[in-house]
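Residue numbers (this note's numbering): 12 to 340.
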Amino acid sequence: MNAQEISLLNSGQDVGLAVAPFGKELTDFAPLAAAEAERAALVTAIAARVAIQGAITTPSTTAKDDARERMAVAADVLSARAQGYALATKQPALKQSLTLSYADVRYGEATEDVNHVRDLVRKVQALPAQVRKDYRLTDAIVQAPALAADEFEQAADAQTDTKEAPRLATLALPELLTRLGAALRLMSTLLKGQSTDADPKFRWADLYAAFANANKRRKVAPKRQLPAGQPRIVRTLPFTHADGQPARLANTNYGPAYTLTVENRAAVPLLLWMAQRDGLKTTPFPCAAGAVTTLTREQLGPATARYLMGEFAGPAGGAATVVVRRVVR
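The following block contains the structure:
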C-alpha cells in the first residue's frame with residue numbers, strides 16, 4: 012500500500028472509533044447505519060489483506076537471503092583452500108577454474124551462481140583424495156556450498172509459492188479501497204444533511220463534528236522523480252582480488268544507457284572488459300590506480316558481450332568498487 016492508501020485506511024479505522032458512542036443516532040437513521048456497516052466490513056477486509064501481504068512474504072524472503080549468504084561464504088572458503096593447491100603446484104589454469112569469490116556468489120544472477128557453486132564442488136571432489144587431505148578440503152568443507160545451494164533453491168521455491176497468496180489478496184485492495192472511500196463520502200453527505208437537525212433527543216451536530224475530525228486525510232507529498240538524464244544506481248559491485256588473474260564481476264549485459272564509476276583503491280590499475288563468455292580476455296579499459304574513473308558500457312567491449320570481467324595489473328591485486336548507473340530517459 013502507498014501512503015495515500017494507508018491514509019484512507021487510517022481514516023476508515025478512526026471513523027469507526029469516532030462514531031461508536033453515537034449508537035442512538037445510527038439506529039435511528041437506517042441509511043447511515045448501512046453505510047457504517049459497509050465501512051466497518053471494508054476496513055476489516057483491507058486490514059486482513061494487508062496483514063497477509065506483510066506476514067507471508069517476509070519470512071520466506073529472509074530465508075532465501077540467509078541461504079544465499081551461507082552459500083557465498085561456504086563457496087569462498089572452499090575456493091580459497093582449493094586455490095592453495097593450484098598455486099602450490101603452479102597450475103594457473105586450474106587456479107582460475109577453482110576461483111569463486113564471495114562477491115561472485117552473493118551478488119550475481121541466482122541461477123548461474125548456483126551452477127557455478129555446484130561446478131566448483133564437482134571440481135574439488137575430482138581432486139585426488141590425498142590432495143584433499145593435504146589441503147584440508149574435508150568432506151564438510153566440500154559439501155557446505157552444495158548444501159547451502161540446495162537450501163537456497165528450496166527457499167526460492169518457497170518464496171515463489173508463498174507470494175502467490177499475497178498477490179491474490181492484493182488484487183482486491185484497489186476495489187476495496189475505492190469502496191471504502193465511497194462509504195466515507197456517503198457517511199459525510201448523510202451526516203452533513205443531519206447536522207442541522209435540532210431534535211434534542213439526538214446529537215447530530217456532535218456526531219458530524221466527530222466524523223469530520225476522524226475523516227481527515229494526511230497530506231502526502233508528491234512522489235519524487237529523478238529529472239530526465241539523471242543517472243540512477245542499479246548495482247554496486249565490490250571487487251577484491253589477491254592476485255593479477257582475471258575474475259568475473261557480473262554476468263549482466265548492460266546496454267548503452269549505462270555508465271560505470273570505478274573507485275580503484277589499489278596501487279595498480281584495474282582492467283575492465285566485457286567478454287562473450289566467462290573468463291575470455293578482450294581489450295581491457297584501464298582504470299587508474301587510486302582514482303575514480305567513469306566510463307560508458309560501450310568502452311568495455313562488444314554490445315553482445317554479457318560478462319563483466321576485471322583484473323588488477325599486478326600480482327598483488329587490490330580492491331575496488333564498481334557502481335553501475337542507468338541514465339533515466
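Glycine included, every Cβ here is placed at the ideal spot set by N, Cα and C.
- From what residue to what residue does the alpha helix (DSSP H) around S274 run? Mapped onto the sequence shown, residue 274 falls at position 263. Checking the sequence, you will find Glu at residue 274 rather than Ser. Element bounds for E274: not the alpha helix (DSSP H) but the beta strand (DSSP E), Y269 to N275.
- My guess is that A86 and N224 are in contact by the Cβ rule of under 8 Å, so how many angstroms apart are they, rounded? Translated into the one-based positions of the sequence shown, residue 86 becomes position 75. Translated into the one-based positions of the sequence shown, residue 224 becomes position 213. No, A86 and N224 are not in contact; Cβ-Cβ is about 59 Å, not under 8 Å.
- Length-filtered (4 minimum) alpha helix (DSSP H) runs lying within the segment 117-176: Listed in chain order, they are 121-136, 140-145 and 150-173.
- Item | The alpha helix (DSSP H) enclosing A223, as first and last residue numbers | By 1-based counting over the sequence shown, the position of residue 223 is 212. Per DSSP, A223 belongs to the alpha helix (DSSP H) from W215 to A225.
- What are the boundary residues of the alpha helix (DSSP H) that P297 is part of? Locating residue 297 in the sequence shown gives position 286, where the first residue counts as 1. Unbroken run through P297 is the beta strand (DSSP E), F296 to C298; no alpha helix (DSSP H).
- Task: Please state whether DSSP places V279 in a helix, a strand or coil.
- Result: Taking the sequence shown and counting its residues from 1, the one referred to as residue 279 is at position 268. In this structure, DSSP gives V279 a state outside helix and strand, which the three-state scheme calls coil.
- Query: Which residues mark the beginning and the end of the alpha helix (DSSP H) in which A261 is found?
  - Reply: Position 250 of the sequence shown, counted from the first residue, corresponds to residue 261. It is not in any alpha helix (DSSP H) - A261 instead sits in the beta strand (DSSP E) that spans A258 to A261.
- Query: Between E19 and L191, is the Cβ-Cβ spacing less than 8 Å?
  - Reply: For the purposes of this step, residue 19 is taken as the residue at position 8 of the sequence shown. For the purposes of this step, residue 191 is taken as the residue at position 180 of the sequence shown. The question names Glu, yet the displayed sequence has Leu at residue 19. Yes, these two residues count as a Cβ contact at 8 Å.
- Message: Residues in the same chain with beta-carbon distance under 8 Å from G312, minus the five sequence neighbours each way, listed in chain order, please.
- Response: Working through the sequence shown from its first residue, we reach residue 312 at position 301. Once the five neighbours on either side are set aside, the close Cβ partners of G312 are W284, M285, A286, T293 and T294.
- Query: Considering only the beta carbon of each residue, do I17 and V88 sit closer than 8 Å?
  - Reply: Position 6 of the sequence shown, counted from the start, is the residue given in the question as residue 17. Position 77 of the sequence shown, counted from the start, is the residue given in the question as residue 88. No, the Cβ-Cβ distance between I17 and V88 is not below 8 Å.
- Do you know offhand how far A307's Cα is from A258's? Residue mapping note: residue 307 aligns to position 296 of the sequence shown, counting from 1. Residue mapping note: residue 258 aligns to position 247 of the sequence shown, counting from 1. The displayed chain sequence assigns Thr, not Ala, to residue 307. If you take the alpha carbons of T307 and A258, they lie about 20 Å apart.
- Alpha-carbon spacing of R317 relative to P249, whole angstroms: Translated into positions along the sequence shown, residue 317 becomes position 306. Translated into positions along the sequence shown, residue 249 becomes position 238. Our two residues, R317 and P249, have alpha carbons roughly 18 Å apart in a direct line.
- Query: Alpha carbon to alpha carbon, what distance is there between T38 and Y219?
  - Reply: Looking up residue 219 in the sequence shown gives position 208. Looking up residue 38 in the sequence shown gives position 27. Taking the straight line joining both Cα atoms gives about 15 Å.
- Query: From which residue to which residue does the alpha helix (DSSP H) around G321 run?
  - Reply: The residue labelled residue 321 in the question sits at position 310 within the sequence shown. Note, G321: premise wrong, no alpha helix (DSSP H); beta strand (DSSP E) at Y318 to F323.
- Can you give the beta carbon distance from A261 to P280, rounded, assuming they're within the 8 Å contact cut? Taking the first residue of the sequence shown as 1, we reach residue 261 at position 250. Taking the first residue of the sequence shown as 1, we reach residue 280 at position 269. That pair is no contact at about 19 Å.
- Task: Whole angstroms is fine: what's the gap from R92's alpha carbon to N264's?
- Result: As a position in the sequence shown, residue 92 is number 81, starting the count at 1. As a position in the sequence shown, residue 264 is number 253, starting the count at 1. If I take the Cα positions, the gap works out to 31 Å.
- Reduced DSSP secondary structure (H/G/I, E/B, other) of L187: Mapped onto the sequence shown, residue 187 falls at position 176. Three-state result, L187: helix.
- Message: If I follow the unbroken alpha helix (DSSP H) through T38, where does it start and stop?
- Response: As a working note, residue 38 is residue 27 in the sequence shown. T38 -> alpha helix (DSSP H) spans G34 to D39.
- Message: I'd like the list of long-range same chain contacts for E123, defined as Cβ closer than 7 Å, with 5 residues on each side in sequence excluded.
- Response: For this step, residue 123 is matched to residue 112 along the sequence shown. Contacts found: N262.
- Item | Anticipated Cβ contact below 8 Å, L187 with A56, distance rounded | In the sequence shown, the residue the question calls residue 187 occupies position 176. In the sequence shown, the residue the question calls residue 56 occupies position 45. That pair is a contact at about 6 Å.
- Task: Could you please give the first and the last residue of the uninterrupted alpha helix (DSSP H) stretch that includes A104?
- Result: The residue given as residue 104 occupies position 93 in the sequence shown. DSSP places A104 inside the alpha helix (DSSP H), whose first and last residues are P103 to S108.
- Task: Would you mind reading off the limits of the beta strand (DSSP E) that contains T307?
- Result: Taking the first residue of the sequence shown as position 1, residue 307 is located at position 296. Where T307 is concerned, the enclosing beta strand (DSSP E) stretches over A302 to T307.
- What separation, rounded to the nearest whole angstrom, lies between the Cα atoms of S108 and P267? As a first step, residue 108 is located in the sequence shown; it is residue number 97 there, counting from the start. As a first step, residue 267 is located in the sequence shown; it is residue number 256 there, counting from the start. Near 30 Å, if we compare the C-alpha coordinates of P267 and S108.
- Assuming A346 and A277 make a contact with CB atoms under 8 Å, what is their CB distance in whole Å? Any answer about residue 346 is impossible in this case: the structure gives the chain only from 12 up to 340.
- Does the distance from the C-beta atom of R129 to that of A78 stay below 8 Å? Looking up residue 129 in the sequence shown gives position 118. Looking up residue 78 in the sequence shown gives position 67. The answer is no: Cβ separation not under 8 Å.
- Message: Strictly by DSSP, which residues pair up with V334?
- Response: For the purposes of this step, residue 334 is taken as residue 323 along the sequence shown, with counting starting at 1. Assignment of beta-bridge partners to V334 by DSSP yields T247 and T272.
- Within 8 Å, strictly: CB atoms of Q15 and V54: Numbered from 1 along the sequence shown, position 4 holds the residue referred to as residue 15. Numbered from 1 along the sequence shown, position 43 holds the residue referred to as residue 54. Cβ distance not < 8 Å, so Q15 and V54 don't count as in contact.
- How about L282 and E309: are their beta carbons less than 8 Å apart? Residue numbering aside, residue 282 sits at position 271 when the sequence shown is read from its first letter. Residue numbering aside, residue 309 sits at position 298 when the sequence shown is read from its first letter. Contact flag unset, no.
- Message: Considering Cα atoms alone, identify which of G27, S22 and P32 is closest to F213.
- Response: Walking along the sequence shown from the start, residue 213 turns up at place 202. The residue from G27, S22 and P32 with its alpha-carbon nearest to that of F213 is P32.
- Task: Measuring alpha carbon to alpha carbon, tell me which of P326, F222, A331 and R117 ends up nearest G301.
- Result: Sequence index remark: in the sequence shown, residue 301 carries index 290 (1-based). A331 is the residue among P326, F222, A331 and R117 whose C-alpha sits nearest the C-alpha of G301.
- Span separating the alpha-carbon of G157 from that of R143: Taking the first residue of the sequence shown as 1, we reach residue 157 at position 146. Taking the first residue of the sequence shown as 1, we reach residue 143 at position 132. It should be pointed out that residue 157 corresponds to Ala in this sequence rather than to Gly. Whole-angstrom Cα-Cα distance: 17 Å.
- How close, in whole Å, do the beta carbons of A114 and K106 come, if the pair is a contact with beta carbons under 8 Å? What you label residue 114 is simply residue 103 of the sequence shown in a count that begins at 1. What you label residue 106 is simply residue 95 of the sequence shown in a count that begins at 1. Wrong, their Cβ atoms sit about 18 Å apart, outside the cutoff.
- Task: Just the C-alpha distance for Q205 and E36, rounded to the nearest angstrom, thanks.
- Result: Position 194 of the sequence shown, counting from 1, holds the residue named residue 205. Position 25 of the sequence shown, counting from 1, holds the residue named residue 36. Their Cα atoms are separated by approximately 10 Å.
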